[in-house]
Structure formats: structure tokens, C-alpha cells
Amino acid sequence: MRKLKVFLFAFTVLFSVDSFPQKSGNGIMRPYTSHPTYMDSLLNRAKEIPGTRTLFSGRYKTADGKVISQFSSQPVSFRNDFGTLEAIDVRLRPSPSGRSWLADKQLHPCALNEDLSTSITLDGKGQLIFNKDVKVNGVVCKQTLSSIDQTVATIRISEDITKKITFRNGSVETDYILLHKPERGGFTASEEIEYPGDCRLVQDSKRGKPAGEKWFGDFILLSANGKEQARFHAPVCYDANGKYCSGAYVLNTANSRSSLSIIVGQSWLEKATYPVTVDPTITGPVSNWTGGSMPSCLLPNYTADSILVTIPPGITITGFYITTSYVTLNLYPVKDGRVSLKTKCFTEPAAFCDSSIIASVSTCGLYGNLQELACCYPPSCSPDSFYLVQHLSRDSAGTGCDTNYVYYDPTTLYPLSGYIIGLTDTCVWRVNTTTLCSNSCELALKAVCRNGVPPYTVSHPWSSTKVTGGTASGGCSTEGVLTLNLTIPHCPVFCGKADTIAVPPPLVVDACGDTVQGLTSRNIFINPSPQMTASPDTLTVCNGLPMDFSLSACLPGTSFTWTGSDKTSGSGVSINDTTKITSLTPLKVIYKVASVYEGCPGDTLIVQGQIDPCPIISVPNVITPNGDGINDDFVIKNLNYFPNSKVTIYDRWGLNIYHSDNYLNNWNASGFPDGTYYYVLYVSDGRKGMAGFLSILR
Numbered sequence: 020m021r022k023l024k025v026f027l028f029a030f031t032v033l034f035s036v037d038s039f040p041q042k043s044g045n046g047i048m049r050p051y052t053s054h055p056t057y058m059d060s061l062l063n064r065a066k067e068i069p070g071t072r073t074l075f076s077g078r079y080k081t082a083d084g085k086v087i088s089q090f091s092s093q094p095v096s097f098r099n100d101f102g103t104l105e106a107i108d109v110r111l112r113p114s115p116s117g118r119s120w121l122a123d124k125q126l127h128p129c130a131l132n133e134d135l136s137t138s139i140t141l142d143g144k145g146q147l148i149f150n151k152d153v154k155v156n157g158v159v160c161k162q163t164l165s166s167i168d169q170t171v172a173t174i175r176i177s178e179d180i181t182k183k184i185t186f187r188n189g190s191v192e193t194d195y196i197l198l199h200k201p202e203r204g205g206f207t208a209s210e211e212i213e214y215p216g217d218c219r220l221v222q223d224s225k226r227g228k229p230a231g232e233k234w235f236g237d238f239i240l241l242s243a244n245g246k247e248q249a250r251f252h253a254p255v256c257y258d259a260n261g262k263y264c265s266g267a268y269v270l271n272t273a274n275s276r277s278s279l280s281i282i283v284g285q286s287w288l289e290k291a292t293y294p295v296t297v298d299p300t301i302t303g304p305v306s307n308w309t310g311g312s313m314p315s316c317l318l319p320n321y322t323a324d325s326i327l328v329t330i331p332p333g334i335t336i337t338g339f340y341i342t343t344s345y346v347t348l349n350l351y352p353v354k355d356g357r358v359s360l361k362t363k364c365f366t367e368p369a370a371f372c373d374s375s376i377i378a379s380v381s382t383c384g385l386y387g388n389l390q391e392l393a394c395c396y397p398p399s400c401s402p403d404s405f406y407l408v409q410h411l412s413r414d415s416a417g418t419g420c421d422t423n424y425v426y427y428d429p430t431t432l433y434p435l436s437g438y439i440i441g442l443t444d445t446c447v448w449r450v451n452t453t454t455l456c457s458n459s460c461e462l463a464l465k466a467v468c469r470n471g472v473p474p475y476t477v478s479h480p481w482s483s484t485k486v487t488g489g490t491a492s493g494g495c496s497t498e499g500v501l502t503l504n505l506t507i508p509h510c511p512v513f514c515g516k517a518d519t520i521a522v523p524p525p526l527v528v529d530a531c532g533d534t535v536q537g538l539t540s541r542n543i544f545i546n547p548s549p550q551m552t553a554s555p556d557t558l559t560v561c562n563g564l565p566m567d568f569s570l571s572a573c574l575p576g577t578s579f580t581w582t583g584s585d586k587t588s589g590s591g592v593s594i595n596d597t598t599k600i601t602s603l604t605p606l607k608v609i610y611k612v613a614s615v616y617e618g619c620p621g622d623t624l625i626v627q628g629q630i631d632p633c634p635i636i637s638v639p640n641v642i643t644p645n646g647d648g649i650n651d652d653f654v655i656k657n658l659n660y661f662p663n664s665k666v667t668i669y670d671r672w673g674l675n676i677y678h679s680d681n682y683l684n685n686w687n688a689s690g691f692p693d694g695t696y697y698y699v700l701y702v703s704d705g706r707k708g709m710a711g712f713l714s715i716l717r
């Protein structure tokens, strides 16, 4: 098919340069940047959204959340035998008999028949049959099928000629590929044509000119009422270097049979670089195409056509892909055609196909992402519509507006079409750390949300509040950066073990009430935190004596540091502080103890000590342990200031009946009779021992 070939070749060349050449006077469109199969591959991976299909539009969604809305000036759907709208699909499939191949998922089905002829179903269900009983340079050819690949059938004609037949929507392209220069000089391929008896095949006087018996232009098949049923587009041939010429048709009708011959002159074939492609295209009824052919006007005038594009609700536009094309008649230079596109958002300057870049034979196919043409429409929870307008004009040739030079063909393979691509809400989120200590309960969540319809509202099961934010900059840029403070449940935890916990994902809802899907939890590593104890936790000592506290924690290997309110400090598993006072007022000392286990701190432990002025030791000489609670114990006054003081008691015969290395004022002579006893006291401050008699009276 000529148009597809020209477009693909043109597109490949465009990718080899940085931009279209700049031209003074009329501006030109910046280069298209999308591969021509991008939308096809995207739609092949998408699923249709039920209930959105019309004759000229459809809506789809991909696995990664893209919403694609397709609009075209040509039908993208047809009504099947059940009256249901169905997507047009031109891929070949075997017929029920298995002897032919059908491209029947369209209004006017096409087929590759058992005898390797081709057919297009016309209005009224009649058929146009062609590619039948092929002769090359007068010799009958035996056609042999080599391969079928979705839309393309390859047929061997001879050692030197291959025929490639491509099936499209309501059209069939036949390419004769000449591998070598014909031995007889020129090239003539003739085919039998069959069509309903009430139709007639005539030259299109608006698109062609005679040269003797040859016709350089289109043939059209007209019904009895003059309605176009099919069109044989003027043949074009081109060689391996992109040089091209116009072929001619010769129609022969005899004995109620018609044959159409395609003729390429010998002089051009002699100079060509092989392989050479001879390319006629046959299209079916045009009753379902809108508008008909669109003429061009001589600059600065232009013709205009438009399609209505609808932006679906709940999306941010991420792309607006547009296809269009124009055709030149009788190999008129495509570089002089001009196309411009317009919406209320923006007007693209003219685009054209420059022959220095594109060796085009008759069709300029343009395809690309013109997102800015839709970016003035803000995201909305309701659908919005606009017109995509195409202007067509030319630089020179002729006067006024007509289809004799440059025009838009209603059967083009690249009709005026628009594809709105958008995304519903997408968010990424994280927390401010991947590692926490078990007694750290606070986390900060950050969510970056785009697309959909802002503002976005973020909530979380670990927070009692919600945050809302995000704005749209036009219709193609939306963003919201939202933060939320979280509190880990069942926190703090001390003396545990290393663990991993999952932070559940946030709930993100946009202005339309749509919820962001696919958010997953985040894991954070929890290190254990120590819990401390001090023995004792309070202590009173005499002035000049050390205060000793033993420190311990539930996690072995915990390190300790401490600071005292008396400006002392230290580290290790104990507090040992000797502070002297010079007044008779006791001094209280507060010690703050910190602990760390493998980088995780415990809570601060408070230990309290007191330094009293040096007291007088007073030892009683009588105790009355009769159980009345008065003077029952051997209490040495102020001994509590001297921990670890030693007391030994002897009976009257000198026997040791009691001893303590840390006397706690708690001996009550239990088990010993009344009488006189002897004591020895060694105070822990190192002073000389004290001794005396002690009477027990009950």
C-alpha cells in the first residue's frame, strides 16, 4: 500500500536528523518525535473500557494506568451481524473452509481467496474481485503463496517478481516487487477484474490525464446511481534509491470481462536501482468516511476540517498524539503541501514534507505527540470536549482551492485522528527513615502525587489527621507533595529484640473521590532499646564519703554515661562520686544516666544522692527488746551515714555471738538472755574502732 510505505520511509528518515530544516516565510512544525507504531503497540497492550465505543471513537486502559481516548475522522468501529459495535481489525484469519483468508472485522470485509485473487465487499454485499489471472508482459503467471503474516500475504510470481498484498481497512495494496531488470524492457502487469453488473469502471477525470490509450490517474467503480464503490489509485513505482515515476493504467473490456493493466515505461526501468516496487492501491466504498476529499488552497488561504475530541473525566493529560496526511496528484512535489493544526490552546505552525529529507512519492503522513494542543484544559471530574482543526494549503500550482494538486484523501491510512492519553492518580510515598530504635515512636510520611484531579487527600491508619494539597498547572502538569506525621502503635518497646515491621501504605484520594491503587507497604528495621536500673536508686552518705551506685541494663553490652548536678560526670557500670561540703546544710545531688545499645539510647534514668555534714556516732548502752516497739533494737545513731560499718557482739564469757560487715541497726538480742554484753564497732570512714558494754533488759 503506497501510503503506508511512504509514511514509514518518511518517518525513518525523520529520525535520522535533529529537526526539520527551518524555512523563512511560513513556519513549519517542529519534528515529530514518536515512532509511527507507538499508538498501535500501546493499543495492543490495552483493554477497552466497556461502554465507551462509538463508530469514530473508543477508550482503553493499559496495565500501568494510562487511559487512551481515540477519536478519528474515519470509523474505528463497525456494526457486526448482531448490530453490536466492534473494533475494526484487519488481521487475516483462515476462513471456516480453511481455503481462504479473511480480513472481515470491518464494514467492508476483504479476503485473500483460494485462487490468490483478492476481494472487497461493496455496498449491497456485492464484491469487487481483482489480482486474478495475472499476466506479466503477456505471460500467464502461476501464483504461489509464500507466507501470510497478520496483514500481509507474500506471493511468488516468478524467479524475478514477488507480489506483496497488504490488507487494510476497506482497502488492499498490491506491490509488484521486481528483483531484476525485466528482460523485455518495460513492465506490464494485467489482472482480471470482476464486479457487479450494474457497476461501471471509469476514469476519474479530476484525478488524472490521458496519454494515448494510457491513463495516468485513478479509476473509480461507480454504482448505477453514480456512487463511488471502489477506487483504483494511480500506480506509483519507486526504486531502491527512492527515485520514482508514475505508472499508467490501460483498461480492456471484451466479452463482458474486464482487465486492468499497469504499465511502467522501459526508459525509467533501465535507469532504476533494483529492487523496484510497483504500487497500486484499491480502496472500497467511501460511504462511511466523513467529509470526502479535502482540497488544498493556495497560500495564504486554506481549507479546514475538524474532529471533536473529548477528554475523559478524572485524568491528567500526558500526551496528545495526532495523525494526519495529505496526498499529491500525479507526483506533484509533496514538499509544497502545508498542514497546520489548531485548538483553543495553541496553534501549531505549518508542517510539510521536504523532499530533501523525505523521498515521498505521493503521500505525506505525519504522526506525533502535540501535547501542548490540549494542555490548557485543566483536569476535571467531568468530561470536556474541544475541536481539533486541520488547515490544508499549498505553496504553488494552480489557483484557488481544488483537489488537483494537494488534498486530504478520505481513504488515507493516516486519517485526521487524535489520541488523548492521560493518567489517573499516581503516587509514590516513603517514610523518613529505614531504621528506628524500639522506643522511637514517630515517623514522617511523604507522598508525591501526580495526575488524576488534584487536590489529593492523604490519610493513614497510624495518624488521626489528614492532609490535603496539590494543584494543576494547566491540563498537563499536576503535583502535590504532602507530609503526614505517624505514631507507631504499641510503642515504646524496651529490652526487646531486633525486628522488622511493615508500615502500611497511605490512603490517597483525589478531588473526584478516586483512590490511588497499587500502593504497597514499606518495611523498617527496629533495633532494641535498653532499660536501666540503679542499685541503690537513692543514697545518703556522710560528707567526704563516696556515693556508689551500680548500673545495669536488660541488654548485655549496654554502655552508660552519667552527669551529676554537682558538675561531676563519668562512664561505666557504676557511679562513684566523692563530693565534700563545707556547710552544715545537706547537699542533694541528681545524677542523670544515659545508656546506648548498638546505637539505640534508652530513656534517661534519674538517681538521687545526698551528702550530709559529718554526724556524731552515738552508741546506746541499754536496749529493751520486749516487743513494744520502743528501744527494741541495737540502733547506733547516724551509722546509716557510714555504710559497710562492722559490728561484733560478745557475751560475758567472751564468745562472739553476732557479727555484721554492713550493720543495718537491726540486732535485737533475739535468742539471748538478759544481761551484760560487749560490742566492738569499726566505722567505715576509717576512724579508730569503738567498744563498750551493752545491757539487755526485758
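All letters in the sequence shown, in the order written, are residues 20 to 717 by my numbering. Every residue, glycine too, gets a C-beta built ideally from N, C-alpha and C.
Exercise. According to DSSP, is residue 177 helix, strand or coil?
Worked result: If you number the sequence shown from 1, residue 177 lands on position 158. The DSSP-derived three-state label of residue 177 is coil.
For this session: Decide if the segment 572-589 is in contact with the segment 537-544; the criterion is three or more beta carbon pairs, one per stretch, under 8 Å apart.
Result: Flag = no, the segment 572-589 and the segment 537-544 do not touch.
For this session: Output yes or no for whether 7 Å exceeds the beta carbon distance between residue 97 and residue 126.
Result: Counted from its first residue, the sequence shown places residue 97 at position 78. Counted from its first residue, the sequence shown places residue 126 at position 107. Yes, these two residues count as a Cβ contact at 7 Å.
Problem set entry | Within the segment 610-696, ranges of the beta strand (DSSP E) (whole runs, at least 3 residues) | Entirely contained in the segment 610-696, the beta strand (DSSP E) runs reaching 3 residues are, in chain order, 624-631, 665-669, 675-679.
Problem set entry | CA-to-CA distance, residue 85 to residue 325, given in whole angstroms | Against the sequence shown, residue 325 aligns to sequence position 306. Against the sequence shown, residue 85 aligns to sequence position 66. Straight-line measurement puts the Cα of residue 85 at about 25 Å from the Cα of residue 325.
For this session: Would you tell me roughly how many angstroms separate the C-alpha atoms of residue 335 and residue 496, rounded to the nearest one?
Result: Working through the sequence shown from its first residue, we reach residue 335 at position 316. Working through the sequence shown from its first residue, we reach residue 496 at position 477. Using only the alpha carbons, I get a separation of about 7 Å.
Problem set entry | Rounded straight-line distance, which links the Cα of residue 217 to that of residue 146 | Residue mapping note: residue 146 aligns to position 127 of the sequence shown, counting from 1. Residue mapping note: residue 217 aligns to position 198 of the sequence shown, counting from 1. For residue 146 and residue 217, the gap between their C-alpha atoms comes out near 12 Å.
Problem set entry | Cβ pair count under 8 Å reaching 3, the segment 451-468 against the segment 379-392 | Contact between the segment 451-468 and the segment 379-392 is absent: fewer than three C-beta pairs spanning the two stretches fall below 8 Å.
Exercise. Since residue 106 and residue 186 are thought to touch, with beta carbons under 8 Å apart, how far apart are those beta carbons, to the nearest angstrom?
Worked result: The residue given as residue 106 occupies position 87 in the sequence shown. The residue given as residue 186 occupies position 167 in the sequence shown. That pair is no contact at about 16 Å.
Problem set entry | Neighbourhood of residue 461 by C-beta distance below 8 Å, restricted to the same chain and skipping five residues each side | Working through the sequence shown from its first residue, we reach residue 461 at position 442. Closer than 8 Å at the Cβ level, and outside the excluded window around residue 461, lie 504, 505, 506, 507.
Exercise. Is the beta carbon of residue 164 less than 7 Å from the beta carbon of residue 180?
Worked result: In the sequence shown, residue 164 corresponds to position 145, counting from 1. In the sequence shown, residue 180 corresponds to position 161, counting from 1. Contact flag unset, no.
For this session: Indicate the three-state DSSP secondary structure (helix, strand or coil) for residue 57 in the structure shown.
Result: In the sequence shown, the residue the question calls residue 57 occupies position 38. The answer is helix: DSSP assigns residue 57 an H, G or I state.
Exercise. Is any beta-carbon of chain B found at less than 7 Å from that of residue 680?
Worked result: Protein chain content of the structure displayed is limited to a single chain, and chain B is not contained in it.
For this session: Check the C-beta distance from residue 281 over to residue 268 and give it rounded, since I have them as a contact under 8 Å.
Result: What you label residue 281 is simply residue 262 of the sequence shown in a count that begins at 1. What you label residue 268 is simply residue 249 of the sequence shown in a count that begins at 1. About 6 Å separates the beta carbons of residue 281 and residue 268, which is inside the 8 Å limit, making them a contact pair.
Exercise. Under three-state DSSP, which class holds residue 162?
Worked result: For this step, residue 162 is matched to residue 143 along the sequence shown. Residue 162 falls in the coil class under three-state DSSP.
For this session: Report buried or exposed for residue 285, applying the criterion of at least 16 other Cβ atoms within 10 angstroms of its Cβ.
Result: For this step, residue 285 is matched to residue 266 along the sequence shown. By the neighbour-count rule (16 or more Cβ atoms within 10 Å), residue 285 is not buried but exposed.
Problem set entry | Residue from 251, 296, 467 whose Cα sits closest to the Cα of residue 262 | Working through the sequence shown from its first residue, we reach residue 262 at position 243. The alpha carbon of residue 262 has as its nearest neighbour, out of 251, 296, 467, the alpha carbon of 296.
Problem set entry | Simplified DSSP assignment, three categories, for residue 120 | Sequence index remark: in the sequence shown, residue 120 carries index 101 (1-based). Reduced to three states, the DSSP call for residue 120 is strand.
For this session: Evaluate residue 672 with the Cβ neighbour count: other Cβ atoms within 10 Å of its Cβ, from every protein chain shown; 16 or more gives buried, anything less gives exposed.
Result: As a position in the sequence shown, residue 672 is number 653, starting the count at 1. With fewer than 16 other Cβ atoms within 10 Å, it is exposed.
Exercise. Which parts of the segment 288-339 are runs of the beta strand (DSSP E), unbroken and 3 residues or longer, counting only runs that do not cross its ends?
Worked result: Listed in chain order, they are 295-298, 300-302, 313-317, 322-330.
For this session: Measure the Cβ-Cβ separation of residue 610 and residue 581 and say whether it is below 7 Å.
Result: In the sequence shown, counting from the first residue as 1, residue 610 sits at position 591. In the sequence shown, counting from the first residue as 1, residue 581 sits at position 562. Closer than 7 Å, so yes.
Exercise. Are the Cβ atoms of residue 530 and residue 472 separated by less than 7 Å?
Worked result: One-based indexing of the sequence shown puts residue 530 at position 511. One-based indexing of the sequence shown puts residue 472 at position 453. For residue 530 and residue 472, yes; Cβs fall inside 7 Å.
For this session: Taking all protein chains shown into account, decide if residue 400 is buried (16 or more other Cβ within 10 angstroms of its Cβ) or exposed.
Result: Residue mapping note: residue 400 aligns to position 381 of the sequence shown, counting from 1. With fewer than 16 Cβ atoms within 10 Å of its Cβ, residue 400 is classed as exposed.
Problem set entry | Counted within 10 angstroms of its Cβ, other Cβ atoms place residue 406 as buried (16 or more) or exposed | The residue you call residue 406 lines up with position 387 of the sequence shown. Of the other Cβ atoms in all chains shown, fewer than 16 fall within 10 Å of the Cβ of residue 406; this residue is therefore exposed.
Problem set entry | residue 214 versus residue 202 - alpha carbon distance | Locating residue 214 in the sequence shown gives position 195, counting from the first residue. Locating residue 202 in the sequence shown gives position 183, counting from the first residue. For residue 214 and residue 202, the distance between alpha carbons rounds to 34 Å.
For this session: Determine the burial state of residue 299: buried for a count of at least 16 other Cβ atoms within 10 Å of its Cβ, exposed for fewer.
Result: Residue mapping note: residue 299 aligns to position 280 of the sequence shown, counting from 1. Buried, since its Cβ has 16 or more Cβ neighbours within 10 Å.
Problem set entry | Sequence ranges, beta strand (DSSP E) only - wholly within the segment 175-213, length at least 3 | Those beta strand (DSSP E) runs which fall completely within the segment 175-213 and span 3+ residues are 180-187, 190-197, 206-213.
Exercise. DSSP three-state call for residue 354: helix, strand or coil?
Worked result: Walking along the sequence shown from the start, residue 354 turns up at place 335. Three-state result, residue 354: helix.
Exercise. How should residue 192 be labelled, buried or exposed, when 16 other C-beta atoms within 10 angstroms of its C-beta is the threshold for buried?
Worked result: Here the question's residue 192 lines up with position 173 in the sequence shown. Residue burial annotation: residue 192 is buried, with at least 16 other C-beta atoms found within 10 angstroms of its C-beta.
Exercise. CA-CA distance, residue 148 and residue 207?
Worked result: Within the sequence shown, numbered from 1, the residue matching residue 148 stands at position 129. Within the sequence shown, numbered from 1, the residue matching residue 207 stands at position 188. Taken atom to atom, the span from the alpha-carbon of residue 148 to that of residue 207 is near 19 Å.
Exercise. In whole angstroms, what is the alpha-carbon distance linking residue 18 and residue 75?
Worked result: Here the chain has residues from 20 to 717 only, and residue 18 is not among them.
For this session: Run the CB neighbour count on residue 390, radius 10 Å, all protein chains shown included, and call it buried at 16 or more, exposed below.
Result: Position 371 of the sequence shown, counting from 1, holds the residue named residue 390. Looking at its Cβ environment, which holds 16 or more other Cβ atoms inside 10 Å, residue 390 is buried.
Problem set entry | Proximal residues to residue 138 (C-beta, below 8 Å), its chain only, five neighbours per side dropped | In the sequence shown, the residue the question calls residue 138 occupies position 119. Close CB contacts of residue 138 within its chain, under the 8 Å cut and outside five residues either way in sequence, are with 129, 130, 132, 146, 147, 148, 149 (chain order).
Problem set entry | Cβ-Cβ distance between residue 686 and residue 661 below 7 Å | Your numbering for residue 686 matches position 667 in the sequence shown. Your numbering for residue 661 matches position 642 in the sequence shown. No, these two residues do not count as a Cβ contact at 7 Å.
Exercise. Which one of 233, 383, 272, 212 has the shortest CA to CA distance from residue 249?
Worked result: Residue mapping note: residue 249 aligns to position 230 of the sequence shown, counting from 1. Checked all of 233, 383, 272, 212; the closest Cα to residue 249 is 212.
For this session: Would you mind sorting residue 289 into buried or exposed? The rule is 16 or more other CB atoms within 10 Å of its CB.
Result: Taking the first residue of the sequence shown as position 1, residue 289 is located at position 270. Note on residue 289: under 16 other CB atoms within 10 angstroms of its CB, so exposed under the neighbour-count rule.
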